[in-house]
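Per the UniProt record's numbering, the very first residue in the sequence shown carries number 1; after that it's consecutive. Heads up, the beta-carbon is just placed ideally off N, CA and C, and yes, glycines get one too. Scroll down for the structure; my scribbles are underneath it.
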Amino acid sequence: MMSGENLEFDALSGSLTNLKVEAEEHSSSSSSSSSSSSPAQQVDVTAVDGGGLQINCFTEIVDDVTLHYQIIRFPKQMYAWISCSSAKLGHLYAAAATRPNNTVSVACLLGGASDNTGSGIARRLVLKTGLNVIIACNIPKNIPMLEGILRLHGLQGNGVSTMSDASPTHYTVKIQLFSLLAVEKYESGSFEAGGYKWKLVLYPKGNKSKNVMEHLSLYIAMADSSNLQLGWEVHVVFRLFLLDQIRDNYLILPGKECRFHGFRLEWGFDQLIPLATLKDTKNGYLVEDTCVFGAEVFVRKESCTGKGECLSMIKSSSTSKNLWRFENFSKLDAECNDSKTFVAGDQRWKIQLYPKGKGLGSGTHLSLFLALADLTAITPGFKILADFTLRILDQSRGSHLFGKANFWFSASSSVCGWSRFYPLDQLYASSNAYLFKDTCLGEAEITVLGITDEL
Numbered sequence: 001m002m003s004g005e006n007l008e009f010d011a012l013s014g015s016l017t018n019l020k021v022e023a024e025e026h027s028s029s030s031s032s033s034s035s036s037s038s039p040a041q042q043v044d045v046t047a048v049d050g051g052g053l054q055i056n057c058f059t060e061i062v063d064d065v066t067l068h069y070q071i072i073r074f075p076k077q078m079y080a081w082i083s084c085s086s087a088k089l090g091h092l093y094a095a096a097a098t099r100p101n102n103t104v105s106v107a108c109l110l111g112g113a114s115d116n117t118g119s120g121i122a123r124r125l126v127l128k129t130g131l132n133v134i135i136a137c138n139i140p141k142n143i144p145m146l147e148g149i150l151r152l153h154g155l156q157g158n159g160v161s162t163m164s165d166a167s168p169t170h171y172t173v174k175i176q177l178f179s180l181l182a183v184e185k186y187e188s189g190s191f192e193a194g195g196y197k198w199k200l201v202l203y204p205k206g207n208k209s210k211n212v213m214e215h216l217s218l219y220i221a222m223a224d225s226s227n228l229q230l231g232w233e234v235h236v237v238f239r240l241f242l243l244d245q246i247r248d249n250y251l252i253l254p255g256k257e258c259r260f261h262g263f264r265l266e267w268g269f270d271q272l273i274p275l276a277t278l279k280d281t282k283n284g285y286l287v288e289d290t291c292v293f294g295a296e297v298f299v300r301k302e303s304c305t306g307k308g309e310c311l312s313m314i315k316s317s318s319t320s321k322n323l324w325r326f327e328n329f330s331k332l333d334a335e336c337n338d339s340k341t342f343v344a345g346d347q348r349w350k351i352q353l354y355p356k357g358k359g360l361g362s363g364t365h366l367s368l369f370l371a372l373a374d375l376t377a378i379t380p381g382f383k384i385l386a387d388f389t390l391r392i393l394d395q396s397r398g399s400h401l402f403g404k405a406n407f408w409f410s411a412s413s414s415v416c417g418w419s420r421f422y423p424l425d426q427l428y429a430s431s432n433a434y435l436f437k438d439t440c441l442g443e444a445e446i447t448v449l450g451i452t453d454e455l
């Protein structure tokens with residue numbers, strides 16, 4: 001049944017035989033009683049009596065096949081036992097041992113009853129460096145390929161991280177030039193799953209409000225709860241994804257069943273992954289300063305949109321300065337006056353000036369705003385992060401008025417500025433030179449830091 005090399009298997013054969021029997025009995029009972037709909041579930045963590053050996057037991061359900069894993073850790077070896085139970089395939093199992101630091105893969109065949117007569121059904125078990133356990137089931141003829149992958153590191157709480165080559169069902173966020181993402185928190189665009197709208201909330205250097213350091217924090221949050229009735233609750237099982245770009249598969253962290261309600265709109269992982277692990281290029285999570293996250297959210301009834309977005313931080317961002325003017329200022333009778341459009345960061349912008357004020361500044365202050373000039377060229381998922389400074393120039397002494405801000409511009413939030421930029425009585429005062437010859441001169445200084453768009 002089993003083949004391998006350099007395993008030192010004979011000396012442990014008695015103990016391994018006993019463990020295998022215990023595992024078979026455990027798997028049979030688990031197979032008959034398993035009703036979990038989550039793709040991976042930790043069933044049991046215990047120790048063998050008298051031996052002090054830790055046994056990790058996991059169950060994974062893929063299509064109609066139930067895979068049971070047992071990982072037994074000896075002082076110098078690891079032992080893996082896997083059971084495959086399916087109506088189509090019958091009951092199959094395999095076992096293998098490997099040293100924790102052994103870089104040589106161990107391949108074993110699974111054998112057992114099958115209704116697929118006349119064809120040798122082979123199952124391949126691969127263990128590498130004591131960290132990865134991979135089941136690859138190559139089923140001949142018309143039965144589709146089945147893969148169950150389990151990664152043993154990255155445990156958090158009661159969840160078990162798994163690996164899969166399947167992309168996230170509901171949402172993907174690709175971040176380019178991750179090292180330049182200087183914001184404390186980044187919120188993705190919204191996506192729909194199970195009839196509700198959700199978003200990913202990322203803390204690239206850890207959630208400081210929870211005293212997280214040296215880790216990346218990632219959460220699922222409800223994006224819009226305004227239309228929900230008083231006292232609402234939504235029970236959810238979610239999965240968060242991190243792409244291993246070298247091996248082209250996803251590290252998946254399943255969350256336990258969570259209850260979203262008016263006082264708890266966010267669930268996830270305070271310490272999704274250590275920053276040192278994320279930045280270690282051989283792990284494949286951050287390649288060429290790019291990383292990819294994903295999410296799946298399962299409510300009682302699931303619906304999929306398959307949306308996604310890409311956040312591109314700009315490595316060599318340049319600052320654009322543009323002068324604008326409003327002549328015959330005292331005769332401007334329009335409520336809002338737009339400057340000529342100008343270009344900064346490949347986007348067209350304009351200044352919006354309210355000579356008699358707007359909102360809280362109406363009648364008392366000059367109101368001044370920076371706005372995207374061409375909304376027809378902006379897609380619904382497009383956002384642009386910009387630092388900007390607006391100035392009104394003192395045309396005599398150089399004592400300019402200015403305001404600074406940082407803002408995500410989009411089609412739905414295309415304007416940012418100040419309704420009370422400067423008092424009108426001081427603006428018109430003869431001692432100031434902001435309206436020299438009834439002309440108002442200004443300057444817009446814009447630095448585009450990043451752009452988010454739909455994938």
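Per-residue burial, T172 [other beta carbons within 10 Å of its own, 16 or more giving buried]
The residue given as residue 172 occupies position 172 in the sequence shown. That one is buried.
Can you pull the DSSP bridge partners for L366?
Indexing the sequence shown from 1 puts residue 366 at position 366. When DSSP reads this structure, L366 sits in a beta bridge with Y422.
Which residues bound the alpha helix (DSSP H) around A276?
Your numbering for residue 276 matches position 276 in the sequence shown. Unbroken alpha helix (DSSP H) run through A276: 275-279.
Evaluate N249 with the Cβ neighbour count: other Cβ atoms within 10 Å of its Cβ, from every protein chain shown; 16 or more gives buried, anything less gives exposed.
Sequence index remark: in the sequence shown, residue 249 carries index 249 (1-based). Flag for N249 reads buried.
Between the CA atoms of E454 and I246 - distance to the nearest angstrom
Residue mapping note: residue 246 aligns to position 246 of the sequence shown, counting from 1. Residue mapping note: residue 454 aligns to position 454 of the sequence shown, counting from 1. C-alpha separation (whole angstroms): 24 Å.
Tell me which residue opens and which closes the beta strand (DSSP E) that A411 is part of.
Residue mapping note: residue 411 aligns to position 411 of the sequence shown, counting from 1. A411 -> no beta strand (DSSP E), and no H or E assigned at all.
Taking 8 Å as the threshold (C-beta atoms), are T277 and F178 in contact?
On the sequence shown, position 178 is the one that residue 178 refers to. On the sequence shown, position 277 is the one that residue 277 refers to. Cβ distance not < 8 Å, so F178 and T277 don't count as in contact.
Can you give me the C-alpha to C-alpha distance between residue 459 and A193, rounded to a whole angstrom?
Past the boundaries of the shown model lies residue 459; the chain is included only from 1 to 455, so the question cannot be answered.
By Cβ distance below 6 Å, which residues in the same chain neighbour C440 in space, the five residues on each side in sequence not counted?
Position 440 of the sequence shown, counting from 1, holds the residue named residue 440. The answer, listed in chain order, is F326, F329.
Between which two residues does the beta strand (DSSP E) holding M222 run?
Reading the sequence shown from its first residue, position 222 is the one you call residue 222. The continuous beta strand (DSSP E) containing M222 extends over residues 215-222.
Do you know whose CA, among Y219, E443, G357, lies nearest I273's CA?
If you number the sequence shown from 1, residue 273 lands on position 273. Closest option to I273, Cα to Cα, is Y219.
Can you tell me which of F269, Y196, L311 puts its alpha carbon nearest to the alpha carbon of V292?
Here residue 292 refers to the residue found at position 292 of the sequence shown. If you compare the alpha carbons of F269, Y196, L311 with that of V292, the shortest gap goes to L311.
Write down every uninterrupted run of the beta strand (DSSP E) in the segment 236-260 whose length is 3 residues or greater and which is fully enclosed by it, in chain order.
249-254
By the three-class DSSP mapping on this structure, what secondary structure does A386 have?
Residue 386 sits at position 386 when you count from the first residue of the sequence shown. A386 falls in the strand class under three-state DSSP.
Between L390 and A444, which are expected to be in contact by the criterion C-beta below 8 Å, what is the C-beta distance as a whole number of angstroms?
Counting from 1 along the sequence shown, the entry for residue 390 is found at position 390. Counting from 1 along the sequence shown, the entry for residue 444 is found at position 444. About 6 Å; that satisfies the 8 Å criterion.
Between L323 and A386, which are expected to be in contact by the criterion C-beta below 8 Å, what is the C-beta distance as a whole number of angstroms?
The residue you call residue 323 lines up with position 323 of the sequence shown. The residue you call residue 386 lines up with position 386 of the sequence shown. Going by Cβ atoms, the distance from L323 to A386 rounds to 18 Å, so no, they are not a contact pair.
Rounded straight-line distance, which links the Cα of W198 to that of E187
Residue numbering aside, residue 187 sits at position 187 when the sequence shown is read from its first letter. Residue numbering aside, residue 198 sits at position 198 when the sequence shown is read from its first letter. So the alpha carbons of these two residues sit roughly 10 Å apart.
Check whether the segment 399-413 touches the segment 327-346, counting contact only when three or more Cβ pairs, one atom from each stretch, lie closer than 8 Å.
No, the segment 399-413 does not touch the segment 327-346.
Give the straight-line distance between the Cα atoms of L427 and S396, rounded to the nearest whole angstrom.
Along the sequence shown, read from residue 1 onward, the residue named residue 427 stands at position 427. Along the sequence shown, read from residue 1 onward, the residue named residue 396 stands at position 396. Each residue's Cα considered, the two are about 14 Å apart.
Pairwise C-alpha distance: F369 and A433
Along the sequence shown, read from residue 1 onward, the residue named residue 433 stands at position 433. Along the sequence shown, read from residue 1 onward, the residue named residue 369 stands at position 369. Cα to Cα, the separation comes out at about 21 Å.
How long is the line joining the alpha carbons of G294 and H261, rounded to whole angstroms?
The residue labelled residue 294 in the question sits at position 294 within the sequence shown. The residue labelled residue 261 in the question sits at position 261 within the sequence shown. Rounded to whole angstroms, G294 to H261 spans 23 Å at the Cα level.
Is E309 near G381, with beta carbons less than 8 Å apart?
Numbered from its first residue, the sequence shown carries residue 309 at position 309. Numbered from its first residue, the sequence shown carries residue 381 at position 381. Using a Cβ distance threshold of 8 Å, E309 and G381 count as a contacting pair.
Among the residues of its own chain, which have a CB less than 7 Å from the CB of L265, if the five just before and after it don't count?
Along the sequence shown, one-based indexing puts residue 265 at 265. Contacts found: A221, M222, S225.
Cβ of F421 within 8 Å of Cβ of S367?
Locating residue 421 in the sequence shown gives position 421, where the first residue counts as 1. Locating residue 367 in the sequence shown gives position 367, where the first residue counts as 1. Yes, Cβ-Cβ distance for F421 and S367 is below 8 Å.
Let me know if R259 comes out buried or exposed under the rule of 16 or more other beta-carbons within 10 Å of its beta-carbon.
As a working note, residue 259 is residue 259 in the sequence shown. Exposed.
Determine the contact status of E296 and F388, defining contact as a CB-CB distance below 8 Å.
Within the sequence shown, residue 296 is the residue found at index 296, counting from 1. Within the sequence shown, residue 388 is the residue found at index 388, counting from 1. Against a cut-off of 8 Å, the Cβ pair of F388 and E296 comes out as no contact.
State yes or no: is the C-beta of G442 within less than 8 Å of the C-beta of I392?
Residue 442 sits at position 442 when you count from the first residue of the sequence shown. Residue 392 sits at position 392 when you count from the first residue of the sequence shown. For G442 and I392, yes; Cβs fall inside 8 Å.
Take the Cβ of L375 as the centre, count every other Cβ of all protein chains shown within 10 Å, and call the residue buried at 16 or more, exposed below.
Taking the first residue of the sequence shown as position 1, residue 375 is located at position 375. That one is exposed.
Sort L435, L360, G231 by Cα distance to K331 and report the nearest one.
Locating residue 331 in the sequence shown gives position 331, where the first residue counts as 1. Considering only alpha carbons, the answer is L435.
Coil, strand or helix - F329 by DSSP
For the purposes of this step, residue 329 is identified with residue 329 of the sequence shown, where counting begins at 1. Residue state, collapsed to three classes: helix.
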